[in-house]
Amino acid sequence: MKITRIYALGRALAQHGEDPVKVSADIVADPAVAAEILANNDGVPDTPPKQPTRTNTGPTRRETTEQTKGPRRNRAEAAA
Numbered sequence: 000m001k002i003t004r005i006y007a008l009g010r011a012l013a014q015h016g017e018d019p020v021k022v023s024a025d026i027v028a029d030p031a032v033a034a035e036i037l038a039n040n041d042g043v044p045d046t047p048p049k050q051p052t053r054t055n056t057g058p059t060r061r062e063t064t065e066q067t068k069g070p071r072r073n074r075a076e077a078a079a
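Heads up: the sequence shown is residues 0 to 79, going by numbering that gives the first Met the number 0.
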């Protein structure tokens, strides 16, 4: 179970005036994880690292009409 879920569960189970961090630490059976919860930034998990932005690696868009449109047909030729 993720620590953020444990924090959310501790906040939900904490009664009025009770410390949700202490409740979160009491939920966990592993003493090492409970110590980490108590020592970690007052119960607020660290923000995740920023994801790198995506760069466009696709081909560039053609902008001239000669490359994007086919040859024009005369209406008389198309009807025949």
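Quick reminder that beta carbons are idealized off the backbone N, C-alpha and C, glycines included.
Through-space distance from residue j to residue i, alpha-carbon basis
i	j	result
D25	I5	10 Å
A28	T54	44 Å
R12	P47	It is worth fixing the name first, because residue 12 is Leu in this sequence and not Arg. Taking the straight line from one Cα to the other gives about 25 Å.
I36	T52	31 Å
Q14	S23	12 Å
A34	V20	11 Å
K1	Q50	20 Å
P30	G9	16 Å
D18	V32	17 Å
T3	T59	42 Å
A7	A38	17 Å
Burial state of residue i (16 or more Cβ within 10 Å)
i	result
G16	exposed
G57	exposed
Within-9 Å CB hit, residue i to chain D
i	result
A7	Of the protein chains in the structure, only one exists, and it is not chain D.
Legend entry - Ordered list of alpha helix (DSSP H) runs contained in the region 6-30, each at least 4 residues: Taking 4 residues as the shortest admissible run, the region 6-30 contains the following complete alpha helix (DSSP H) segments, listed from N- to C-terminal end: 19-26.
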